[in-house]
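Novice:
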Amino acid sequence: MEEERVKSALEIAMERISALPELTPEEIAEQKEKQYGPVGEAVAGRFLSGAMTEDELPEELNKHTDQRQIVWFGAVSAFCRTLRFEEDPAITGRALKGLHRIAPGKKSLIEKAGVEFRAVVEEFEQEIHKEAQGIESLVLEPLGISGSAVRCNPAVNGQWLKKLAKISQSYEPRLEKLRAGLSQELRSPGS
Amino acid sequence: MKLFDGFYAYPWQGNDNNCNSYVFAGVLKEGKHVVVDPGHLITPYYREPGMERLLNGMDRDGLDGRDIGLVLLTHSHPDHSESAIVFRNEYHSLVAIHEADAPAFSHIGGKADIFLDEGSLEFSGSRIAALQIYHAPGHTPGHVTIYWPERHALIAGDCIFYRSTGRADLPGGDARLLGMTIRRLAELDIEHLLCGHAYGNPGIISGREEVQANFGYIRDLLY
């Protein structure tokens, strides 16, 4: 009688894998997106940090010829994500330059998005400025402090920070629509 | 120690380095006080209880330290500002400092509720006419002095001492700016020069002639 052989861990693993059902095309696409999307995001990150020039940007994105669309969209998404209040305006400006460089055919669309973003920022800042005047009365008036020498520091005031977060959130749907619209329009390298 | 009606000085009398503190008593709403430069919580070398001594001094003058509503800081150095952190955390006092000194203050754990700019400072609950805040850089970038025109008194922080000036060699210091600041302050009508430290004398120089002589000495010797 033939002696039963002990299976190796690799053999057991391979047996289990072969028993699994085949991946669906959607699952394969999702896996590729997970794998190559971050490559595009990393390229965008290097560009935003100044470690890469405008000329190098498309070259880097085009290196991944087999998954070019996913890499491209990863970069576009990363650039679009900079359209938010908390971002350094210089970074947002550089992201728009990056989009211009990789999608020259969509120049007017990108410019329009930039103008719209700046308009939202301006509106937000005006509202903040208006509301900030209220904090003076909140902080200084209870103690009877006044004069041109005193200016409240809203960054340490809990009530103000809550108010600021609320105002910021009220603008978020507009910003999200702007980001989503732009990234959708620039979805593929041919755009 | 009462200097004027509603105004007290607490010159530091320990062995370690710590600053002189000044209190405007009952000038805020609900009779709360304003303290200028409350100093060290505990001094760094001899471990002397700076804040406790200030509170004891105030207590002897019938002032409750828990009623400090506002801490004015001439600058961020811990020998002037450390106790402000405790006043804010324990007694919910507001802390005011020039914005240029706020980052250094935050390095020792301090938070500024109010930024001080050059201009007027008024307390509606008091008989004190407006104080004038002067941006006085040189010892630190955001150093301020507090001038009380009604009493011709200047709380000078670490700009000027008895026959001496504040250091300009510490981080953020600038000897040229300090010289300009001192020349500018010398133009004020000062009868009481309330210094930030008791170097060479208790740190309170009184009398116009004596104050001018002190400015003259410094001008001739250093600038």
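Sequences listed follow chains A and H, in order.
The first sequence begins at 53 in this note's numbering and counts up by one.
The second sequence begins at 41 in this note's numbering and counts up by one.
Heads up, the beta-carbon is just placed ideally off N, CA and C, and yes, glycines get one too.
Of all the CB atoms in chain H, is at least one closer than 8 angstroms to the CB of Gly89 (chain A)?
Specialist: Within the first sequence, residue 89 (chain A) is the residue found at index 37, counting from 1. For Gly89 (chain A), the answer is no, since every Cβ of chain H falls outside 8 angstroms of its Cβ.
Novice: Tell me which residue opens and which closes the beta strand (DSSP E) that Cys132 (chain A) is part of.
Specialist: Within the first sequence, numbered from 1, the residue matching residue 132 (chain A) stands at position 80. Segment 120 to 133 is the alpha helix (DSSP H) holding Cys132 (chain A); no beta strand (DSSP E) there.
Novice: Along the chain, where does the beta strand (DSSP E) containing Tyr174 (chain H) start, and where does it finish?
Specialist: On the second sequence, position 134 is the one that residue 174 (chain H) refers to. Element bounds for Tyr174 (chain H): 171 to 175.
Novice: Could you check whether His232 (chain H) and Arg191 (chain H) sit closer than 8 angstroms to each other, using their CB atoms as the reference points?
Specialist: In the second sequence, the residue the question calls residue 191 (chain H) occupies position 151. In the second sequence, the residue the question calls residue 232 (chain H) occupies position 192. Yes, the Cβ-Cβ distance between Arg191 (chain H) and His232 (chain H) is below 8 angstroms.
Novice: Determine the burial state of Asn55 (chain H): buried for a count of at least 16 other Cβ atoms within 10 Å of its Cβ, exposed for fewer.
Specialist: In the second sequence, counting from the first residue as 1, residue 55 (chain H) sits at position 15. Classification of Asn55 (chain H): exposed, given that the 10 Å Cβ count is below 16.
Novice: Would you kindly report the start and end of the unbroken beta strand (DSSP E) that includes His117 (chain H)?
Specialist: Here residue 117 (chain H) corresponds to residue number 77 of the second sequence, with the count starting at 1. Note, His117 (chain H): premise wrong, no beta strand (DSSP E); not H, not E.
Novice: So if I threshold CB-CB distances at 9 angstroms, which residues from the region 161 to 179 of chain H count as touching chain A?
Specialist: So the list reads Leu161, Glu162, Phe163, Ser164, Gly165, Ser166, Ala170, Leu171, Gln172, Ile173, given in the order they occur along the chain.
Novice: Based on the DSSP output, what are the partners of Glu162 (chain H) in its beta bridges?
Specialist: Translated into positions along the second sequence, residue 162 (chain H) becomes position 122. Paired residue(s): A:Ser198.
Novice: At a Cβ threshold of 8 angstroms, is Val208 (chain A) touching chain H?
Specialist: Here the question's residue 208 (chain A) lines up with position 156 in the first sequence. For Val208 (chain A), the answer is yes, since a Cβ of chain H falls inside 8 angstroms of its Cβ.
Novice: Do we get a CB-CB distance below 8 angstroms when we pair Arg98 (chain A) with the residues of chain H?
Specialist: Locating residue 98 (chain A) in the first sequence gives position 46, counting from the first residue. Arg98 (chain A) does not count as touching chain H.
Novice: By Cβ distance below 8 angstroms, which residues in the same chain neighbour Asn254 (chain H) in space, the five residues on each side in sequence not counted?
Specialist: The residue you call residue 254 (chain H) lines up with position 214 of the second sequence. Contacts found: Ile200, Tyr202, Arg203, Leu233, Ile245.
Novice: Can you list, in chain order, the stretches of the alpha helix (DSSP H) that have 4 or more residues and sit fully within the region 151 to 209 of chain A?
Specialist: Whole alpha helix (DSSP H) segments, 4+ residues: 159 to 191.
Novice: What three-state label does DSSP hand Tyr85 (chain H) in the structure shown?
Specialist: Reading the second sequence from its first residue, position 45 is the one you call residue 85 (chain H). Reduced to three states, the DSSP call for Tyr85 (chain H) is coil.
Novice: Can you tell me whether DSSP reads Lys72 (chain H) as helix, strand or coil?
Specialist: Against the second sequence, residue 72 (chain H) aligns to sequence position 32. Coil.
Novice: Look at the Cβ atom of Gly199 (chain A), then the Cβ atom of Ser166 (chain H), and state whether they are nearer than 8 angstroms.
Specialist: In the first sequence, counting from the first residue as 1, residue 199 (chain A) sits at position 147. In the second sequence, counting from the first residue as 1, residue 166 (chain H) sits at position 126. No. Outside cutoff.
Novice: Is it the case that the Cβ atoms of Ser220 (chain A) and Phe137 (chain A) are separated by a distance below 8 angstroms?
Specialist: Residue mapping note: residue 220 (chain A) aligns to position 168 of the first sequence, counting from 1. Residue mapping note: residue 137 (chain A) aligns to position 85 of the first sequence, counting from 1. Cβ distance < 8 angstroms, so Ser220 (chain A) and Phe137 (chain A) count as in contact.
Novice: Measuring only between beta-carbons, confirm whether Phe155 (chain H) sits less than 8 angstroms from chain A.
Specialist: Position 115 of the second sequence holds residue 155 (chain H). True, the Cβ-Cβ gap to chain A drops below 8 angstroms.
Novice: Per DSSP, Thr205 (chain H) forms a beta bridge with which residues?
Specialist: Translated into positions along the second sequence, residue 205 (chain H) becomes position 165. Per DSSP, H:Ile200.
Novice: Given a cut-off of 8 angstroms, decide if Asp77 (chain H) and His120 (chain H) are closer than it, judged by their beta-carbon atoms.
Specialist: Your numbering for residue 120 (chain H) matches position 80 in the second sequence. Your numbering for residue 77 (chain H) matches position 37 in the second sequence. Their beta carbons are under 8 angstroms apart, which means His120 (chain H) touches Asp77 (chain H) by this criterion.
Novice: Looking only at its chain, what residues have a beta carbon closer than 6 angstroms to the beta carbon of Arg153 (chain A), apart from the 5 residues adjacent to it on each side?
Specialist: As a working mapping, residue 153 (chain A) is identified with position 101 in the first sequence. Cβ neighbours of Arg153 (chain A) beyond the five flanking positions: Glu106, Leu109.
Novice: Taking only beta carbons into account, state which residues of the region 190 to 224 of chain A come closer than 8 angstroms to chain H, listed in chain order.
Specialist: So the list reads Val191, Leu192, Pro194, Leu195, Gly196, Ile197, Ser198, Gly199, Ser200, Ala201, Val202, Arg203, Cys204, Asn205, Val208, Asn209, given in the order they occur along the chain.
Novice: Kindly list, in the order they appear in chain A, the residues whose Cβ is closer than 9 angstroms to that of Ala226 (chain H).
Specialist: Numbered from its first residue, the second sequence carries residue 226 (chain H) at position 186. Those do not exist, as Ala226 (chain H) stays about 21 angstroms from chain A at its closest Cβ, beyond 9 angstroms.
Novice: Quick one: using the 10 Å Cβ neighbour count with 16 as the cut-off for buried, is Gly66 (chain H) buried or exposed?
Specialist: Position 26 of the second sequence, counted from the start, is the residue given in the question as residue 66 (chain H). By the neighbour-count rule (16 or more Cβ atoms within 10 Å), Gly66 (chain H) is buried.
Novice: Nearest to Gly210 (chain A) by CA position, among H:His237, H:Asp153, H:Glu88, is which residue?
Specialist: Residue mapping note: residue 210 (chain A) aligns to position 158 of the first sequence, counting from 1. Measuring from the Cα of Gly210 (chain A), the nearest candidate turns out to be H:Asp153.
Novice: So which residues of chain A does Gly159 (chain H) contact, with C-beta pairs closer than 7 angstroms?
Specialist: Taking the second sequence and counting its residues from 1, one reaches residue 159 (chain H) at position 119. Result: Gly199, Ser200, Ala201.
Novice: Give me the Cβ distance between Val128 (chain A) and Ser235 (chain A), rounded to the nearest whole Å; I'm assuming they're in contact under 8 angstroms.
Specialist: In the first sequence, counting from the first residue as 1, residue 128 (chain A) sits at position 76. In the first sequence, counting from the first residue as 1, residue 235 (chain A) sits at position 183. With a Cβ gap of about 5 angstroms, Val128 (chain A) and Ser235 (chain A) count as contacting.
Novice: Determine, using beta carbons only, whether Leu238 (chain A) and Ala130 (chain A) come nearer to each other than 8 angstroms.
Specialist: As a first step, residue 238 (chain A) must be located in the first sequence, where it is residue number 186. As a first step, residue 130 (chain A) must be located in the first sequence, where it is residue number 78. No, these two residues do not count as a Cβ contact at 8 angstroms.
Novice: Taking 8 angstroms as the threshold (C-beta atoms), are Thr114 (chain H) and His175 (chain H) in contact?
Specialist: For the purposes of this step, residue 175 (chain H) is identified with residue 135 of the second sequence, where counting begins at 1. For the purposes of this step, residue 114 (chain H) is identified with residue 74 of the second sequence, where counting begins at 1. Against a cut-off of 8 angstroms, the Cβ pair of Thr114 (chain H) and His175 (chain H) comes out as no contact.
Novice: Using the C-alpha atoms, what's the distance from Ala81 (chain A) back to Glu122 (chain H)?
Specialist: Within the second sequence, residue 122 (chain H) is the residue found at index 82, counting from 1. Within the first sequence, residue 81 (chain A) is the residue found at index 29, counting from 1. Taking the straight line from one Cα to the other gives about 59 angstroms.
Novice: Is the beta carbon of Asn58 (chain H) sitting closer than 8 angstroms to the one on Gly79 (chain H)?
Specialist: Here residue 58 (chain H) corresponds to residue number 18 of the second sequence, with the count starting at 1. Here residue 79 (chain H) corresponds to residue number 39 of the second sequence, with the count starting at 1. Yes, the pair counts as a contact, with Cβ atoms nearer than the cut-off.
Novice: What did DSSP end up calling Lys42 (chain H) once you bin it into helix, strand or coil?
Specialist: Against the second sequence, residue 42 (chain H) aligns to sequence position 2. Reduced to three states, the DSSP call for Lys42 (chain H) is strand.
Novice: Using Cβ-Cβ distances below 8 angstroms, what residues of the region 106 to 118 of chain H are close to chain A?
Specialist: Of all residues in the region 106 to 118 of chain H, Gly109, Leu110 have a Cβ within less than 8 angstroms of some Cβ in chain A.
Novice: When the cut-off is 8 angstroms and only beta carbons count, does Ala136 (chain H) lie next to chain A?
Specialist: In the second sequence, counting from the first residue as 1, residue 136 (chain H) sits at position 96. Cβ-Cβ to chain A under 8 angstroms: yes for Ala136 (chain H).
Novice: Does any residue of chain A have a CB that is nearer than 8 angstroms to the CB of Ala152 (chain H)?
Specialist: As a first step, residue 152 (chain H) must be located in the second sequence, where it is residue number 112. Interface residue, yes.
Novice: Checking the sheet assignment: what are the DSSP bridge partners for Ala49 (chain H)?
Specialist: For this step, residue 49 (chain H) is matched to residue 9 along the second sequence. DSSP output for Ala49 (chain H) lists H:Tyr62 as bridge partner(s).
Novice: Alpha carbon to alpha carbon, what distance is there between Leu113 (chain A) and Pro177 (chain H)?
Specialist: Locating residue 177 (chain H) in the second sequence gives position 137, where the first residue counts as 1. Locating residue 113 (chain A) in the first sequence gives position 61, where the first residue counts as 1. Straight-line Cα distance between these residues: approximately 51 angstroms.
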